[in-house]
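**Q**
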Amino acid sequence: MLPGLRLRQARERLGLTYRDVERASYELAARRGRSELIVHISRLADIENHGVVPGLHKLYTLAVVYHLSPLEIFRWYDVPIEDCFPDGAAFQAPQTHLAAPPISLKIPLRFDPAFDPRRTELLSRMVEQWGNLEGTLTNGNSRHRYGYVGSSDRRMTPLVRPGSVVLIDVTMRAIADDEWANEFERPLYFVEVRDGYRCGWFDQDGSRLILHPHPLSRCQPEEWRLPDEAEIVGRVIGVVTRLHEAGNILPGESPTARADSSRKAP
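Position one of the sequence shown corresponds to residue 64 (my numbering), numbered consecutively onward.
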């Protein structure tokens with residue numbers, strides 16, 4: 064079904080005329096102080112009958128007036144909004160940064176009767192029905208945020224490789240002195256500094272915050288002063304990484320090139 068027809072049906076189900084929608088859009092625009100939110104009768108007719116695609120502000124207005132989710136209208140126009148997170152993960156950026164969370168999370172609803180959790184197996188073969196968990200990952204008060212390790216950031220290679228996506232618990236901002244037996248148990252933290260972000264092992268000595276890169280990365284330790292030069296975003300509690308990607312280990316890379324990925328903050 065054409066998206067314009069869907070919007071028309073949504074309007075008619077509410078018993079709204081073109082003039083009702085235009086009047087409501089004026090009220091919304093006045094409340095928000097944004098004239099772009101106004102939907103004139105002629106434009107609404109074009110959207111419903113002539114395939115005109117509404118701009119972002121007018122799409123928001125229609126969602127408000129029709130009591131619809133803007134994400135649902137995006138789907139009507141074949142915008143794959145649920146795939147924004149995985150599609151974005153496929154395009155690497157040089158610098159480490161925070162990333163917007165997924166719109167929804169695909170979860171298994173029903174497993175194959177032969178599924179045995181003790182065996183290593185392809186999950187796609189074991190799940191009979193998938194579903195989407197929406198809304199919870201985009202809550203502004205969530206304790207979790209996502210970070211992206213830049214394609215030129217090799218400070219924690221090979222433990223956390225360039226291009227990795229990390230899950231951060233923002234309620235855990237104190238550098239823990241917990242005992243750990245190996246590098247996999249040592250806590251990782253995500254930290255904002257003057258020139259961007261760092262993901263790695265950290266120690267705190269008073270106001271001194273020290274980054275310890277992985278020994279195999281050949282990167283140098285870095286140091287900042289809290290809170291003027293650095294802020295702890297949170298503790299890394301999950302990592303999704305790619306193995307043997309071309310951007311992770313560059314053939315014939317010089318020590319100078321590696322040093323560029325671990326320059327000290329000014």
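Beta carbons: idealized from backbone N, C-alpha and C, even for Gly.
1) In three-state DSSP terms, what is C147?
2) What number of angstroms, rounded off, separates the C-alpha of D141 from the C-alpha of S132?
3) Any chance the CB of P149 is under 7 angstroms from a heavy atom of the ligand ZN?
4) Could you pull out every residue in the same chain whose Cβ sits closer than 8 angstroms to the Cβ of G114, ignoring the five residues on either side in sequence?
5) Using the three-state DSSP reduction, which class does A328 fall into: helix, strand or coil?
6) CB-CB under 7 angstroms to I101, same chain, minus the five flanking residues each way: which ones, in chain order?
7) Does the structure place the segment 219 to 234 close enough to the segment 295 to 309 that three or more beta carbon pairs sit under 8 angstroms?
8) What three-state label does DSSP hand E292 in the structure shown?
9) Quick check: the Cα distance between R249 and D216, rounded to an integer number of angstroms?
10) Looking only at C-alpha atoms, which of R218, E255, P225 and A244 sits nearest to R236?
11) Determine the contact status of G375 and P276, defining contact as a CB-CB distance below 8 angstroms.
12) Can you give the beta carbon distance from I110 to Y81, rounded, assuming they're within the 8 angstroms contact cut?
13) Quick one: give me the first and last residue of the beta strand (DSSP E) that D232 is part of.
14) Quick check on DSSP: helix, strand or coil for A162?
15) By alpha-carbon positions, which one of P278, S280, D266 and L279 ends up nearest to R288?
16) Whose CA, out of V116, F154, R188 and D83, lies closest to the CA of G213?
17) Start and end of the alpha helix (DSSP H) containing D266?
18) From which residue to which residue does the beta strand (DSSP E) around R271 run?
19) I'd like the list of long-range same chain contacts for L70, defined as Cβ closer than 8 angstroms, with 5 residues on each side in sequence excluded.
20) Looking only at its own chain, which residues have a Cβ that is under 8 angstroms from the Cβ of H160, when we skip the five neighbours before and after it?
21) When the Cα of R257 is compared with those of Q72, P290 and G226, which residue comes out closest?
22) With a threshold of 8 angstroms between beta-carbons, can A92 be considered close to chain B, or not?
**A** In brief:
1) As a first step, residue 147 is located in the sequence shown; it is residue number 84 there, counting from the start. In this structure, C147 counts as helix in the three-state DSSP scheme.
2) The sequence position of residue 141 within the sequence shown is 78, counting from 1. The sequence position of residue 132 within the sequence shown is 69, counting from 1. Roughly 15 angstroms separates the two Cα atoms.
3) In the structure shown, the ligand ZN is absent, as is every other ligand, since no ligand is present at all.
4) In the sequence shown, residue 114 corresponds to position 51, counting from 1. Taken in chain order, the residues that qualify are L65 and G67.
5) Counted from its first residue, the sequence shown places residue 328 at position 265. Legend: pLDDT at A328 = 36, less than 50; position of this residue unreliable, no value from coordinates given.
6) Counted from its first residue, the sequence shown places residue 101 at position 38. Only S88, Y89 and A92 meet the Cβ criterion.
7) yes
8) To locate residue 292, count along the sequence shown from 1; it is residue 229. Coil, per DSSP.
9) Mapped onto the sequence shown, residue 249 falls at position 186. Mapped onto the sequence shown, residue 216 falls at position 153. Their backbone Cα atoms lie some 19 angstroms apart in a straight line.
10) Mapped onto the sequence shown, residue 236 falls at position 173. Selected option, being the one with the closest Cα: E255.
11) Because residue 375 is not part of the residues shown, which for the chain are 64 to 329, the question remains open.
12) Counting from 1 along the sequence shown, the entry for residue 110 is found at position 47. Counting from 1 along the sequence shown, the entry for residue 81 is found at position 18. The pair is not a contact, with the Cβ atoms about 11 angstroms apart (cut-off 8 angstroms).
13) Reading the sequence shown from its first residue, position 169 is the one you call residue 232. Residues V228 to D232.
14) Counting from 1 along the sequence shown, the entry for residue 162 is found at position 99. If DSSP states are grouped into helix, strand and coil, A162 belongs with the strands.
15) If you number the sequence shown from 1, residue 288 lands on position 225. The option with the nearest alpha carbon to R288 is D266.
16) Residue numbering aside, residue 213 sits at position 150 when the sequence shown is read from its first letter. Here the closest residue by C-alpha is F154.
17) Looking up residue 266 in the sequence shown gives position 203. That residue, D266, is in no alpha helix (DSSP H); its beta strand (DSSP E) goes G259 to D268.
18) Start at 1 with the first residue of the sequence shown, and residue 271 comes out as number 208. It spans R271 to H275 - the beta strand (DSSP E) in which R271 sits, taken as one unbroken run.
19) For this step, residue 70 is matched to residue 7 along the sequence shown. Cβ within range, chain order: I110, E111, L125, Y129, I136 and W139.
20) For the purposes of this step, residue 160 is identified with residue 97 of the sequence shown, where counting begins at 1. Counting only Cβ-Cβ distances below 8 angstroms, and skipping sequence neighbours, we find G210, Y211, G213, G259 and Y260.
21) Residue numbering aside, residue 257 sits at position 194 when the sequence shown is read from its first letter. When each option's Cα is compared against that of R257, the closest is P290.
22) Considering every chain present, this structure includes no chain B. It has just one protein chain.
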